[in-house]
Amino acid sequence: MTRRIILGEGDPKRLFVGGLHGDEWRYTSAILESLDAPGAGAGTLVIIPKLTDQAYISTLDDRYYESYGREIIAAIREINPAIYLELHSYRDFDGLTDPGRIDRAFVPAYIELEDGVLIGSISPILRRACFSMHDLCISFEIPEWGGRSRDLVARLLKSAVNCVSRSEFVDFVLSRYPEQGRLAIENYKRFYGV
Ligand SMILES: [Zn+2]
């Protein structure tokens, strides 16, 4: 089994995953490994810092969840997280943030929060397989070249570790990034029709 880090105990449970495909782990795993345990009584954080280093398959491709992505589904079913986060890294800022992504890739565009940190939805394949429309599932993307995005995403992840509910984390994002947060929620609602 892939290495897991388990911090804290009890509910709510959070699952953070990095190194989801290809060499992404090089840019994201250390950030996940740097996270501290939730405060006393604030539940559990399970980290899978490096799911795989095998050849890249998009999480939007069914084949992803038939190969190494199967382990994510197994972990979600086992842990039943209230907060699920993926940390990816990118080279193609324009492709991910293009509003036309919905027509090209059938998923909403990512929204830039600040310093190259993007927020968006996880793969609809995974969401439909494992979560209800009301669970908190977020995908963050940072550029491979890192820069200030690493510190910012680490701060965002830390706040997710200390939030005990979906709405607390959504409120936190909206308070810091009202415009971008609203847009991300709008994209999400339009996409899932909720
Ligand atoms: Zn990725």
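Sequential numbering from 1254 applies to the sequence shown in my numbering.
Glycine included, every Cβ here is placed at the ideal spot set by N, Cα and C.
What would DSSP say about residue i, mapped onto helix, strand or coil?
i: P1396; result: strand
i: L1379; result: helix
i: L1389; result: strand
i: F1269; result: strand
i: G1263; result: coil
i: I1413; result: Strictly speaking, residue 1413 in this sequence is Ala, with Ile absent from that position. Here A1413 sits in helix by DSSP.
i: E1421; result: helix
i: D1289; result: coil
i: G1275; result: coil
i: Y1430; result: coil
i: R1401; result: coil
i: F1384; result: coil
i: V1406; result: helix
Since residue i sits in a beta bridge, which residues does DSSP pair it with?
i: H1341; result: E1394
i: E1258; result: For the sequence presented, residue 1258 should be read as Ile rather than Glu. I1300.
So is the beta-carbon of residue i under 7 Å away from any non-hydrogen atom of ligand 1?
i: E1277; result: yes
i: L1273; result: yes
i: H1387; result: no
Thinking just about the alpha-carbon of each residue, which of the options is nearest to the one in residue i?
i: E1331; options: G1446, G1434 and R1257; result: R1257
i: F1393; options: R1323, Y1318, L1409 and G1400; result: L1409
i: A1295; options: R1435, E1421, F1444 and Y1441; result: E1421
i: I1364; options: D1356, I1375, I1355 and T1350; result: T1350
i: E1277; options: C1383, I1395, L1288 and E1286; result: I1395
i: Y1280; options: Y1445, D1306 and R1419; result: D1306
i: L1379; options: D1314, G1446, D1264 and A1437; result: D1314
i: I1372; options: I1391, V1360 and R1429; result: I1391
i: R1381; options: L1260, F1444, V1406 and P1431; result: F1444
i: L1366; options: S1418, E1324, F1425 and P1265; result: F1425
i: K1266; options: G1272, S1282, G1292 and V1370; result: G1292
i: S1311; options: E1286, A1335, G1272 and P1302; result: G1272
Could you tell me which uninterrupted beta strand (DSSP E) segments, each at least 3 residues in length, are contained entirely in the segment 1294-1377, listed from first to last along the chain? 1297-1301, 1336-1343, 1364-1367 and 1370-1373
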